[in-house]
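Colleague: So the sequences go chain by chain: A and B.
Mapping to the working numbering: the first sequence position 40 is 142, numbers consecutive.
Mapping to the working numbering: the second sequence position 15 is 117, numbers consecutive.
In this text, a Cβ means the ideal position worked out from N, Cα and C, and glycines have one as well.
Predicted, not measured: the structure shown is a model, and the values here were computed from it.
There are 2 protein chains.
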Amino acid sequence: MSETALRQMRMLQFIPREPRKISAPEMASKLTAAGFDEVTLRTVQRDLNALSKHFPIRSDEREKPFGWFWMKDAPAFGLPALDPQTALTLKLAQNYLNLELPTATLDYLSPYFKAADNVLSEMGGRLAKWPDKVRVLPKGQPLLPPRIDGDVQRVVYQALMENRRAEVVYRKPAEVMEQTFEISPLGLVVRNQVVYIVCTIGESKKTYLLVLHRIQKAQLLDKPAAVIKGFSLEKYIQQGEFGLPTGRKVRLEAVFTHLAGRHLLETALSGDQDTEILPDGRIRITATVVETEELKMWLRSFGDGVEVISLI
Amino acid sequence: MSETALRQMRMLQFIPREPRKISAPEMASKLTAAGFDEVTLRTVQRDLNALSKHFPIRSDEREKPFGWFWMKDAPAFGLPALDPQTALTLKLAQNYLNLELPTATLDYLSPYFKAADNVLSEMGGRLAKWPDKVRVLPKGQPLLPPRIDGDVQRVVYQALMENRRAEVVYRKPAEVMEQTFEISPLGLVVRNQVVYIVCTIGESKKTYLLVLHRIQKAQLLDKPAAVIKGFSLEKYIQQGEFGLPTGRKVRLEAVFTHLAGRHLLETALSGDQDTEILPDGRIRITATVVETEELKMWLRSFGDGVEVISLI
DNA sequence: GACTAGGCGACAAGCAATGTCGCGTCAACT
DNA sequence: AGTTGACGCGACATTGCTTGTCGCCTAGTC
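1. Across the region 388-408 of chain B and the region 398-408 of chain A, are there enough close Cβ pairs to call them in contact, namely three or more that are closer than 8 Å?
2. Count the other CB atoms, across all protein chains shown, that sit within 10 Å of the CB of I385/B; report buried if there are 16 or more and exposed otherwise.
3. Just checking, does the region 348-365 of chain B make contact with the region 251-261 of chain A on the three C-beta pairs under 8 Å criterion?
4. Pull the bridge partners of W172/A from the DSSP assignment, please.
5. Is it true that the region 312-319 of chain A meets the region 361-380 of chain A, where meeting means three or more beta-carbon pairs spaced less than 8 Å apart?
6. At which residue ranges does the region 359-387 of chain A contain complete alpha helix (DSSP H) runs of 4 or more residues, listed in the order of the chain?
7. Please report the distance separating the alpha-carbon of L397/B from that of F171/B.
8. Does any C-beta atom of chain A lie closer than 8 Å to the C-beta of H360/B?
9. Work out the CA separation of I303/A and L288/A for me, nearest whole Å.
10. From L192/B to L335/A, what distance separates their C-alpha atoms?
11. With a threshold of 7 Å (Cβ to nearest heavy atom), would G304/B be considered close to the ligand SAH?
12. Pull up the CB-CB distance for E284/A and L323/A, whole angstroms please, since I reckon it's below 8 Å.
13. Once you ignore the five residues that flank P233/B on each side, which residues in its own chain have a CB closer than 8 Å to its CB?
14. Got a sec, what are the start and stop residues for the beta strand (DSSP E) E269/A sits in?
15. According to DSSP, simplified to helix, strand and coil, what is I339/B?
16. Name the DSSP bridge partner or partners of I124/B?
17. Going by DSSP, what residue range makes up the beta strand (DSSP E) through K325/A?
18. I'd like to check one pair, A183/A with Q115/B: are the Cβ atoms closer than 8 Å?
19. In chain order, what residues of the region 153-166 of chain B put their CB closer than 7 Å to some CB of chain A?
20. A135/B: buried (16+ other C-beta within 10 angstroms of its C-beta) or exposed?
21. Which residues of the region 179-191 of chain A have a Cβ closer than 7 Å to any Cβ of chain B? Give them in chain order.
22. Is Q260/A helix, strand or coil when you go by DSSP?
23. For Y310/A, decide whether its Cβ has a neighbour in chain B, counting only Cβ atoms nearer than 8 Å.
24. DSSP puts A389/B in a beta bridge; with which residues?
25. Could you name the residues of the same chain whose beta carbon sits closer than 8 Å to that of L199/B, not counting the 5 residues immediately before and after it, in chain order?
26. Are there three or more Cβ pairs, one per stretch, closer than 8 Å when the region 103-112 of chain B is compared with the region 146-164 of chain A?
27. Could you give the C-beta distance for G180/A and S125/A, rounded to a whole number, given that I count them as a contact under 8 Å?
28. In terms of residues, what are the limits of the beta strand (DSSP E) holding T309/B?
29. For F344/B and chain A, any beta-carbon pair shorter than 8 Å?
30. With distances taken from CA atoms, which of T388/B, E395/B, L262/B, V296/B is nearest A362/A?
31. When you compare each of Y272/A, L413/A, V257/A, F157/A to L312/A by their alpha carbons, which one comes out closest?
32. Check whether the Cβ atoms of E305/A and A328/A sit closer than 8 Å, and answer yes or no.
33. Would DSSP call Q295/A helix, strand or coil?
34. Where does I117/B land, buried or exposed, given buried means 16+ other C-beta within 10 angstroms?
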């Protein structure tokens, strides 16, 4: 296979999507870094021009080192191509994520979902009806997602990833006053469509929990994030900051009515779950579970459908 | 840009992933169909060999028209390449889906998740620690997913997509006896990690609900699926086949303790939700909701934390 | 106005890609 | 067992593409 073809494919990967861009000299140095020896700048220029004739790639020629980029709405095509099974799975995932992730977050994945649509609709007319064939039913009571600002999200995510600080304008729900913080994000926790930011504020060592959709404005700062030695998101969550208590392991013994408990026969509470079907059809379950608020809510949700024998 | 390079890229897209495969003659005809005139079979053979030297592509040489395929665990690389934001979103999605979709289903997406891992770990050492920075907390009590056979899943999905029949061997949970059905899948519903197949059996017009993980064996038949005129998955679900009753709209009025209800201030029950904070801190919510079993379970799960005033 | 960086056209040398042909192999059919 | 056909692959000459070099042009900068 010719060096040329390989190089051009590699170049396609180095070209970013529209807001960002790459210049020919940058590209040349990336290529040499990637092991393509002795590529003249001239060759890179020629290649970029050639690629733009066959792919949705354009150059910004307003200033001199031209900036090359994939057009914003260029469809993502993957290698290997999406097979129908994977496309179906993607749509399933989309169906589900729509219920659970904020829209602004999910937008990043839309080129993939679009690609899945294409695959499925190309597979012949019959298959075009797939949306009528697949459904995801939500777990629990559906709630409306809070509105998240796209720019705010981008800044916060970037700050988290690049260990930088951000200045955010924050407003608590029932308050009119806005506050401005300089945050150093430590972690991101998503639960029930709400995105939480674990962070420190200013030079303080104390960790705070901000809610993404309460941030009105955010601006990335060119300052490295404050470092908290030994911080671990896992431990932080274990501490019960999200209302989940320490998570002691307990032995649950309970008797469910047949209707309420039969799903546990197939989706067990734990690996060591014991089940016994009583003569009257009721189901006795014994399992080792973690004692959390969720567990209590889950048990309560069955109302009369469950009788808890013991929980030690 | 040379015809050669373009053709080879196109070939990469035509090559399927491991279980499936494509032969050189097939490839040749696909290429001519795609507008590449006059490609000798010999050239295609040469190209395939060349590609396999630079990509995780292999050929099955056990029988004569060799079958070419991308290796099962080949990482998917997309064009344009995954940017860090998208990669992070993908990992977030994976985190979520792990809790909700059966593992066998999610396996189809694993190349994408792997690609996201690569992007994130290449972004410099600091970013390699991202898994410690992002967490998704499950909604409700976590249950163990049932085990689904990969082959069974593939066959059933394919039957659904191609409107064909499949022969399945089915075993109900507490029974030893296996039954064999010839099913025509009508739709797929996923709820709480359980995949349900809505289908007809044999020539009957009655719809049945099978559970994917109870299928022991499945074989695709070369018979078109039985057609049910006017079937709609949407309507089927509305009929309450999943224990969700008809879904009458009702007006809910309830008073929550502050702790139990404050999340409703930001993630509302409905668009027309009214909230009032009572002098003692409790929260009165009025909203139009659909009366479902989920709603009742949700209300019960708060125990003493909520007092339902009316539900009409 | 000189200087610099980058883009681009032109051109000859070299290298790669292609079609053709022939041989070998394997499997299926007669 | 022989025949036939499909396929993969090595070899080779020819065609045509790719590449580095050089020089010119433009736009911004000191």
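Modeller: By the coordinates alone:
1. Yes: the two stretches touch, three or more of their Cβ pairs being nearer than 8 Å.
2. Counting every other CB atom within 10 Å of its CB across the protein chains shown gives I385/B a total of 16 or more, marking it as buried.
3. Inter-segment contact for the region 348-365 of chain B and the region 251-261 of chain A is absent: fewer than three beta-carbon pairs are separated by less than 8 Å.
4. In DSSP, W172/A forms a bridge with R119/A, I159/A.
5. Cβ pair count under 8 Å is below three, so no.
6. The qualifying runs are 360-363.
7. Each residue's alpha carbon lies about 48 Å from the other.
8. No, because no Cβ of chain A sits closer than 8 Å to the Cβ of H360/B.
9. L288/A and I303/A: Cα-Cα distance of roughly 11 Å.
10. If I take the Cα positions, the gap works out to 19 Å.
11. Absence of the ligand SAH is noted for the structure shown, with no ligands found whatsoever.
12. Contact flag correct, Cβ pair sits at about 7 Å.
13. K193, listed in sequence order.
14. It spans 266-272 - the beta strand (DSSP E) in which E269/A sits, taken as one unbroken run.
15. Helix at I339/B.
16. Beta-bridge pairing links I124/B to W170/B.
17. Element bounds for K325/A: 317-326.
18. It is a contact, given that the beta carbons lie within the stated cut-off.
19. Taking 7 Å as the Cβ-Cβ cut-off against chain A, the residues of the region 153-166 of chain B that qualify are L153, K155, H156.
20. Exposed.
21. Within the region 179-191 of chain A, the qualifying residues are F179, G180, L181, P182, A183, D185, P186, Q187, T188, L190, T191.
22. It is helical.
23. False, the Cβ-Cβ gap to chain B never drops below 8 Å.
24. L354/B, per the DSSP bridge assignment.
25. In the same chain as L199/B, and ignoring 5 residues on each side of it, the C-beta atoms closer than 8 Å to its own belong to L208, L211, in chain order.
26. The region 103-112 of chain B vs the region 146-164 of chain A: in contact.
27. That belief does not hold up - the Cβ atoms of G180/A and S125/A are roughly 26 Å apart, past 8 Å.
28. Residue range 309-313 is occupied by the beta strand (DSSP E) that includes T309/B.
29. Flagged as an interface residue toward chain A: F344/B, by a C-beta distance shorter than 8 Å.
30. With respect to the C-alpha of A362/A, the residue from T388/B, E395/B, L262/B, V296/B having the closest C-alpha is E395/B.
31. Checking every option, the nearest Cα to that of L312/A belongs to Y272/A.
32. In this structure, the beta-carbon distance from E305/A to A328/A falls below 8 Å.
33. Looking at Q295/A - three-state DSSP - the assignment turns out to be coil, as it is neither helix nor strand.
34. The C-beta of I117/B has 16 or more other C-beta atoms within 10 Å across all chains shown, which makes the residue buried.
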